[in-house]
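The block underneath contains the structure these notes are about, expressed in structure tokens.
Residue numbers (full-length UniProt numbering): 1 to 484.
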């Protein structure tokens, strides 16, 4: 059951082959059996899931079902969920139960999807390995001594191991695509503004975007169909029409022009990953695509620019967590200032504190022009590089991550090395473009991701390009040995 796609489950539910109650029970039992070793879920909402499954079965019997009705999914624990704890992977929000649903959550509810629970994540989405969570690290189902990637590592591990059909994630600098690559699934970061950020707890407001994490491009299309669209409650939401993402999945790739940035194939790329990506690109040649070399000359500046912009915005966004209104509050503070200091010192982990300090410094008087303003200028240069590239190519391809999944604790004491895990993904967020990772041939038993980057609001093109590759290959259908 757990190996079926959204379309297959929807068809089975519609034909009465099984009920949503039966399906949901099967997934809940699978979570009980495997979550202890993976730590993919922070919260499992068993009672609410069964109630939603019963309602979904009634809806299907009445003939009012959608493609997602009765399908069990999970949400990254960064989305507010009415009546269910929302922690952001932090001690600061360990006791927080949101009084409302994020727009993404409410749209899946309206579609009739069944929420199994909330997935583990790097604290406040700050991390590339899912080791900064207050609830402990998530383990990669392909190798439980390796990281799943971050910050959406819980969602990636849950999908890869069959603990849900699909899940939501968020991507600020690669946090959907990088864990998707390391766990061997598909992950799509839409254009900035394509999906509402209302009710999604903010890390860096000009970079954050949510998207689907699934086994296939076809499933990602079904998820994005529900997620995408304008939301008047989000001032950054784009008033762009939402296409039928499934309609163009099977379009021919004859004449497609693929750009390969020479900067993405430098000495920092693992040779095995490079060979796997090149084999995937050769498959595209056989599908009729033309491949040309391009240059994105400011790629090397993206990481340092990001680690000024993102911490600056995080220092502002996280100022609201003061121990007064909600969240963690220290015991017996001496005065108001002591309340602030102690609550934040106890509530935030080391990585979050590091980024708050960096961001506060970059925004401080005398340093704003030297750091934050300069980083924003570099951001424009990065965007211009992509704009020039898309004048000559349809999509851009390259590796999602420079290596396969690294060991737990391997980079914990080296923040710079950890930050470089997102070297191929960060520029996409700075430019606000859509990007997707799909699994290609593994290296030494560990998954590898191919990144596909498109022009603004070209998610349908990315899904089409990804789907045609998956029709010709079977890497997306494989499960980790212990979870088959």
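Beta carbons: idealized from backbone N, C-alpha and C, even for Gly. Treat the numbers as computed from the prediction; the structure is a model and nothing was measured.
Between the CA atoms of residue j and residue i - distance to the nearest angstrom
{"i": "residue 294", "j": "residue 460", "result": "23 Å"}
{"i": "residue 498", "j": "residue 417", "result": "Nothing can be reported for residue 498, as the shown portion of the chain is limited to 1 through 484."}
{"i": "residue 141", "j": "residue 37", "result": "9 Å"}
{"i": "residue 231", "j": "residue 292", "result": "38 Å"}
{"i": "residue 307", "j": "residue 206", "result": "13 Å"}
{"i": "residue 186", "j": "residue 214", "result": "5 Å"}
{"i": "residue 409", "j": "residue 415", "result": "11 Å"}
{"i": "residue 433", "j": "residue 332", "result": "47 Å"}
{"i": "residue 50", "j": "residue 21", "result": "6 Å"}
{"i": "residue 7", "j": "residue 246", "result": "11 Å"}
{"i": "residue 273", "j": "residue 442", "result": "8 Å"}
{"i": "residue 192", "j": "residue 429", "result": "8 Å"}
{"i": "residue 305", "j": "residue 267", "result": "21 Å"}
{"i": "residue 260", "j": "residue 29", "result": "44 Å"}
{"i": "residue 357", "j": "residue 129", "result": "21 Å"}
{"i": "residue 390", "j": "residue 223", "result": "26 Å"}
{"i": "residue 249", "j": "residue 240", "result": "20 Å"}
{"i": "residue 271", "j": "residue 277", "result": "10 Å"}
Under the three-state DSSP convention, the category residue i falls into
{"i": "residue 451", "result": "strand"}
{"i": "residue 496", "result": "With the chain running from 1 to 484 in the structure shown, residue 496 is simply not present."}
{"i": "residue 328", "result": "coil"}
{"i": "residue 356", "result": "helix"}
{"i": "residue 414", "result": "coil"}
{"i": "residue 210", "result": "strand"}
{"i": "residue 228", "result": "strand"}
{"i": "residue 9", "result": "helix"}
{"i": "residue 349", "result": "coil"}
{"i": "residue 446", "result": "strand"}
{"i": "residue 116", "result": "strand"}
{"i": "residue 200", "result": "strand"}
{"i": "residue 4", "result": "coil"}
{"i": "residue 216", "result": "coil"}
{"i": "residue 130", "result": "coil"}
{"i": "residue 407", "result": "strand"}
{"i": "residue 423", "result": "coil"}
{"i": "residue 339", "result": "helix"}
Cβ-based neighbour list, residue i, same chain, cut-off 6 Å, excluding 5 preceding and 5 following
{"i": "residue 288", "result": "253 and 254"}
{"i": "residue 113", "result": "68, 71 and 73"}
{"i": "residue 53", "result": "20, 21, 24 and 114"}
{"i": "residue 309", "result": "375"}
{"i": "residue 384", "result": "none"}
{"i": "residue 136", "result": "39"}
{"i": "residue 181", "result": "400, 401, 437 and 449"}
Cβ-Cβ distance between residue i and residue j below 8 Å
{"i": "residue 174", "j": "residue 188", "result": "no"}
{"i": "residue 124", "j": "residue 352", "result": "yes"}
{"i": "residue 302", "j": "residue 362", "result": "no"}
{"i": "residue 178", "j": "residue 195", "result": "no"}
{"i": "residue 150", "j": "residue 122", "result": "yes"}
{"i": "residue 34", "j": "residue 217", "result": "no"}
{"i": "residue 203", "j": "residue 349", "result": "no"}
{"i": "residue 405", "j": "residue 449", "result": "no"}
{"i": "residue 154", "j": "residue 119", "result": "yes"}
{"i": "residue 152", "j": "residue 479", "result": "no"}
{"i": "residue 199", "j": "residue 88", "result": "no"}
{"i": "residue 111", "j": "residue 43", "result": "no"}
{"i": "residue 96", "j": "residue 340", "result": "no"}
{"i": "residue 435", "j": "residue 451", "result": "yes"}
{"i": "residue 315", "j": "residue 328", "result": "no"}
{"i": "residue 227", "j": "residue 107", "result": "yes"}
N- and C-terminal bounds of the alpha helix (DSSP H) containing residue i
{"i": "residue 154", "result": "153-160"}
{"i": "residue 393", "result": "Element bounds for residue 393: n/a, residue is neither H nor E."}
{"i": "residue 251", "result": "Element bounds for residue 251: n/a, residue is neither H nor E."}
{"i": "residue 293", "result": "From DSSP, residue 293 is part of no alpha helix (DSSP H) but of the beta strand (DSSP E) over 290-294."}
{"i": "residue 179", "result": "177-183"}
{"i": "residue 462", "result": "459-472"}
{"i": "residue 170", "result": "Residue 170 -> not in any alpha helix (DSSP H); beta strand (DSSP E) instead, spanning 166-171."}
{"i": "residue 430", "result": "426-431"}
{"i": "residue 281", "result": "271-286"}
Cβ shell of residue i (< 7 Å), same chain only, five flanking positions each side left out
{"i": "residue 164", "result": "27, 72, 73, 74, 116 and 158"}
{"i": "residue 264", "result": "398, 399 and 424"}
{"i": "residue 57", "result": "19, 20, 21 and 70"}
Residues of its chain near residue i, where Cβ-Cβ distance is below 8 Å and the 5 sequence neighbours each way are ignored
{"i": "residue 500", "result": "As displayed, the chain neither begins before 1 nor continues past 484, which places residue 500 out of reach and without an answer."}
{"i": "residue 285", "result": "291"}
{"i": "residue 258", "result": "281, 284, 289, 290, 291, 292, 393, 394, 395, 396 and 397"}
Start-to-end residues for the beta strand (DSSP E) that takes in residue i
{"i": "residue 441", "result": "435-443"}
{"i": "residue 306", "result": "Segment 299-317 is the alpha helix (DSSP H) holding residue 306; no beta strand (DSSP E) there."}
{"i": "residue 513", "result": "As displayed, the chain neither begins before 1 nor continues past 484, which places residue 513 out of reach and without an answer."}
{"i": "residue 43", "result": "41-44"}
{"i": "residue 186", "result": "186-189"}
{"i": "residue 36", "result": "Looking at the DSSP string, residue 36 is not in any beta strand (DSSP E); the run it does join, the alpha helix (DSSP H), is 20-38."}
C-beta neighbour in chain D for residue i, strict 8 Å
{"i": "residue 129", "result": "Protein chain content of the structure displayed is limited to a single chain, and chain D is not contained in it."}
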